[in-house]
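Asks: Below: one structure in structure tokens.
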Amino acid sequence: MLSYILYMVFMIPLCIFKKNWWLIQNLFFIIFLMFLMNYDFFCWSNLSYFFGYDYLSFGLVVLSIWVCVLMIMASYSVMRYNYYSGFFLIMIILLLLMLYCTFCSLSMISFYFFFEGSLIPTLFLIFGWGYQPERLQAGIYLLFYTLFASLPLLLGILYLNNKFYCLDFSLMYKDHLVNLMFYFSMIMAFLVKMPMYMLHLWLPKAHVEAPVSGSMILAGVLLKLGGYGLLRVFEKLVMMGLFVNIFWLSISLLGGFVVSLMCLRQVDMKSLIAYSSVAHMGLVIGGIMTLNAWGFYMAFVLMISHGLCSSGLFCLANISYERLGSRSLLVNKGLLGLMPSLTLWWFLISSCNMAAPPSLNLLGEIGLFNSMVGWTWLTMLFLMLISFFSAAYTLFLYSYSQHGIYYSGMYSSVSGYCREYLLLLL
Numbered sequence: 017m018l019s020y021i022l023y024m025v026f027m028i029p030l031c032i033f034k035k036n037w038w039l040i041q042n043l044f045f046i047i048f049l050m051f052l053m054n055y056d057f058f059c060w061s062n063l064s065y066f067f068g069y070d071y072l073s074f075g076l077v078v079l080s081i082w083v084c085v086l087m088i089m090a091s092y093s094v095m096r097y098n099y100y101s102g103f104f105l106i107m108i109i110l111l112l113l114m115l116y117c118t119f120c121s122l123s124m125i126s127f128y129f130f131f132e133g134s135l136i137p138t139l140f141l142i143f144g145w146g147y148q149p150e151r152l153q154a155g156i157y158l159l160f161y162t163l164f165a166s167l168p169l170l171l172g173i174l175y176l177n178n179k180f181y182c183l184d185f186s187l188m189y190k191d192h193l194v195n196l197m198f199y200f201s202m203i204m205a206f207l208v209k210m211p212m213y214m215l216h217l218w219l220p221k222a223h224v225e226a227p228v229s230g231s232m233i234l235a236g237v238l239l240k241l242g243g244y245g246l247l248r249v250f251e252k253l254v255m256m257g258l259f260v261n262i263f264w265l266s267i268s269l270l271g272g273f274v275v276s277l278m279c280l281r282q283v284d285m286k287s288l289i290a291y292s293s294v295a296h297m298g299l300v301i302g303g304i305m306t307l308n309a310w311g312f313y314m315a316f317v318l319m320i321s322h323g324l325c326s327s328g329l330f331c332l333a334n335i336s337y338e339r340l341g342s343r344s345l346l347v348n349k350g351l352l353g354l355m356p357s358l359t360l361w362w363f364l365i366s367s368c369n370m371a372a373p374p375s376l377n378l379l380g381e382i383g384l385f386n387s388m389v390g391w392t393w394l395t396m397l398f399l400m401l402i403s404f405f406s407a408a409y410t411l412f413l414y415s416y417s418q419h420g421i422y423y424s425g426m427y428s429s430v431s432g433y434c435r436e437y438l439l440l441l442l
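Just so it is clear: in the sequence shown, position 19 is 35 by this note's numbering, and no numbers are missing.
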């Protein structure tokens with residue numbers, strides 16, 4: 017475990033030189049492969065005093081490293097204009113370090129520490145490399161939403177320490193924790209991070225203002241922190257969950273439906289993709305709240321697949337933004353005539369987003385539908401609506417951006433660089 021942490025720490029001095037951009041990326045690839053080879057199929061592997069990982073953490077750490085590699089590839093313009101590229105790489109490495117430590121923490125207090133620490137590099141990415149002056153407002157929203165919700169989590173952890181004198185995930189007792197305040201304080205931080213509908217206002221703001229790398233890591237991994245935390249704490253909160261979870265489940269399903277309708281009214285590509293993340297995460301919350309094994313496993317599958325597909329969509333939106341200088345769907349249209357080979361990728365990633373058959377999303381969504389309908393059949397109506405509208409807004413995004421006559425004010429366009437096709441392939 018420590019070897020990876022030291023590996024990442026020693027990558028930081030290499031960032032100072034501009035020439036080392038691709039070297040850093042290759043080092044990320046190497047750590048990805050090393051981590052992938054290292055998995056031995058026990059319940060907990062590499063168990064040390066504070067760190068260890070199981071299936072859940074392993075999948076999410078692999079996802080984090082992968083998305084970080086893709087961030088470096090997508091942010092080539094930072095290096096091309098030499099816009100503090102060394103500092104940019106340092107931020108990405110620090111973010112990966114925080115995420116790695118979060119997913120592998122065994123003690124709750126270190127989990128909390130790294131969970132909040134991952135906020136700092138994200139804020140720097142939004143403040144430093146965002147596109148518009150409104151990024152300050154977006155950063156403040158992100159900061160205050162997450163901090164206000166996670167202070168009760170700290171109190172809950174201290175309460176646990178006071179009660180059991182132990183903060184290990186694996187050693188806590190399950191049966192004594194029937195306390196409503198404790199239940200709320202433990203899950204509120206994760207529901208804001210997910211984000212659940214009604215706590216999601218920071219997400220579209222942060223996505224729209226963030227640079228492409230910020231959007232990719234936000235959609236790809238930081239939303240998954242909330243799901244990971246819920247999966248971890250609900251092992252301990254089963255008794256309370258049986259009574260209260262119907263409330264969260266209904267809010268997230270209703271919210272998923274409302275957000276899907278909002279997606280059909282968006283003109284900003286990034287904002288549309290951000291709202292679609294809220295709808296997908298609503299399904300994940302619903303699956304976790306049913307507290308059955310089916311829901312837990314499939315929530316994990318949907319988190320991984322959504323992380324890959326949503327970062328792909330943000331990347332595509334950024335590629336057309338770099339060409340046209342606008343994210344509006346009124347400007348980004350007729351791209352089929354301009355970048356025909358990119359249209360294939362638009363189609364594939366959009367179909368993954370609406371859970372069409374070849375994708376992992378389909379497996380996750382079918383499993384989640386199964387777990388929720390098995391819990392109560394009343395969820396059936398909203399699941400049908402969410403599923404239908406998710407296909408509707410994805411087709412809306414695809415058809416508006418690819419078909420139609422292209423924008424008259426456009427004067428030059430490159431069909432796409434080799435780097436971009438490589439990026440989308442990965």
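The beta carbon of each residue, even a glycine, is placed where N, CA and C say it ideally should be. Since we're looking at a predicted model, the values are computed, not measured.
Strictly by DSSP, which residues pair up with S344?
Replies: Residue 344 sits at position 328 when you count from the first residue of the sequence shown. Looking at the DSSP output, S344 bridges to D284.
Asks: Under the DSSP definition of a beta bridge, which residues are partnered with S123?
Replies: Along the sequence shown, one-based indexing puts residue 123 at 107. In DSSP, S123 forms a bridge with D184.
Asks: Three-state secondary structure (DSSP) at G350?
Replies: In the sequence shown, residue 350 corresponds to position 334, counting from 1. Three-state DSSP puts G350 in coil, outside helix and strand.
Asks: From what residue to what residue does the alpha helix (DSSP H) around G144 run?
Replies: Position 128 of the sequence shown, counted from the first residue, corresponds to residue 144. That run of the alpha helix (DSSP H) goes 135-145.
Asks: For R96, does the count of other Cβ atoms within 10 angstroms reach 16, so buried, or fall short, so exposed?
Replies: Translated into the one-based positions of the sequence shown, residue 96 becomes position 80. By the neighbour-count rule (16 or more Cβ atoms within 10 Å), R96 is not buried but exposed.
Asks: If you compare alpha carbons, which of I21, M53, G328 is closest to V228?
Replies: Residue numbering aside, residue 228 sits at position 212 when the sequence shown is read from its first letter. Ranking the options by Cα distance to V228, first place goes to G328.
Asks: So, is L346 buried or exposed, given that buried needs 16 or more other C-beta atoms within 10 angstroms?
Replies: On the sequence shown, position 330 is the one that residue 346 refers to. It is exposed - the Cβ of L346 has fewer than 16 other Cβ atoms within 10 Å.
Asks: Do G245 and F206 have their beta-carbon atoms positioned less than 7 Å apart in this structure?
Replies: As a working mapping, residue 206 is identified with position 190 in the sequence shown. As a working mapping, residue 245 is identified with position 229 in the sequence shown. For F206 and G245, yes; Cβs fall inside 7 Å.
Asks: With a CB to CB cut of under 8 Å and the five nearest residues on each side skipped, what residues in its chain are close to L247?
Replies: Along the sequence shown, read from residue 1 onward, the residue named residue 247 stands at position 231. Around L247: L72, I304, F312, A315, F316.
Asks: Specify the secondary structure class of Y55 as computed by DSSP and reduced to three states.
Replies: Position 39 of the sequence shown, counted from the first residue, corresponds to residue 55. If DSSP states are grouped into helix, strand and coil, Y55 belongs with coil.
Asks: Measure the Cβ-Cβ separation of I142 and G133 and say whether it is below 7 Å.
Replies: Taking the first residue of the sequence shown as 1, we reach residue 142 at position 126. Taking the first residue of the sequence shown as 1, we reach residue 133 at position 117. No. Outside cutoff.
Asks: Do three or more CB pairs link the segment 376-383 to the segment 332-339 at distances below 8 Å?
Replies: Segments in contact, no.
Asks: Less than 7 Å between the C-beta atoms of M448 and M210, yes or no?
Replies: The requested residue 448 is not part of the displayed model; the chain covers only 17 to 442.
Asks: To test your reading of the DSSP string, which unbroken alpha helix (DSSP H) runs of 4 or more residues are found completely within the segment 346-408?
Replies: For the alpha helix (DSSP H) assignment, the uninterrupted runs of no fewer than 4 residues enclosed by the segment 346-408 are, from N- to C-terminal side, 351-354, 356-369, 376-391.
Asks: N261 lies in the alpha helix (DSSP H); which residues open and close that run?
Replies: As a working note, residue 261 is residue 245 in the sequence shown. Segment 254-279, the alpha helix (DSSP H) holding N261.
Asks: Does the separation of the CB atoms of F66 and L18 fall below 7 Å?
Replies: The residue labelled residue 66 in the question sits at position 50 within the sequence shown. The residue labelled residue 18 in the question sits at position 2 within the sequence shown. For F66 and L18, no; Cβs fall outside 7 Å.
Asks: Which one of G172, L110, I106 has the shortest CA to CA distance from I125?
Replies: Stepping through the sequence shown from its first residue, residue 125 is reached at position 109. Looking at the Cα atoms, G172 is the closest of the given residues.
Asks: Might you give, ordered along the chain, the residues of its own chain that have their beta carbon closer than 6 Å to the beta carbon of G242, omitting 5 neighbours on each side?
Replies: The residue labelled residue 242 in the question sits at position 226 within the sequence shown. Excluding residues within five positions, the ones whose Cβ falls inside 6 Å are F206, K209, M210.
Asks: Give me the Cα-Cα distance between Y147 and G341, rounded to the nearest whole angstrom.
Replies: One-based indexing of the sequence shown puts residue 147 at position 131. One-based indexing of the sequence shown puts residue 341 at position 325. Using only the alpha carbons, I get a separation of about 11 Å.
Asks: Helix, strand or coil for E132? Go by DSSP, reduced to three states.
Replies: For the purposes of this step, residue 132 is taken as residue 116 along the sequence shown, with counting starting at 1. Correct three-state label for E132: helix.
Asks: When DSSP labels each residue in this structure, what does M210 get in the three-state scheme?
Replies: Taking the sequence shown and counting its residues from 1, the one referred to as residue 210 is at position 194. The answer is coil: DSSP assigns M210 none of H, G, I, E or B.
Asks: Quick check: the segment 258-273 against the segment 351-367, are there 3 or more CB pairs under 8 Å?
Replies: no
Asks: Is the separation between the beta-carbon of S326 and that of S293 shorter than 7 Å?
Replies: By 1-based counting over the sequence shown, the position of residue 326 is 310. By 1-based counting over the sequence shown, the position of residue 293 is 277. Their beta carbons are under 7 Å apart, which means S326 touches S293 by this criterion.
Asks: With DSSP collapsed to three states, give me the class of M17.
Replies: Residue mapping note: residue 17 aligns to position 1 of the sequence shown, counting from 1. Here M17 sits in coil by DSSP.
Asks: Determine whether the beta carbon atoms of K240 and L76 lie at a separation below 7 Å.
Replies: The residue you call residue 240 lines up with position 224 of the sequence shown. The residue you call residue 76 lines up with position 60 of the sequence shown. In this structure, L76 lies closer than 7 Å to K240 by Cβ.
Asks: Using only the alpha-carbon positions, how far apart do C117 and M107 sit?
Replies: By one-based count along the sequence shown, residue 117 stands at place 101. By one-based count along the sequence shown, residue 107 stands at place 91. Straight-line Cα distance between these residues: approximately 15 Å.
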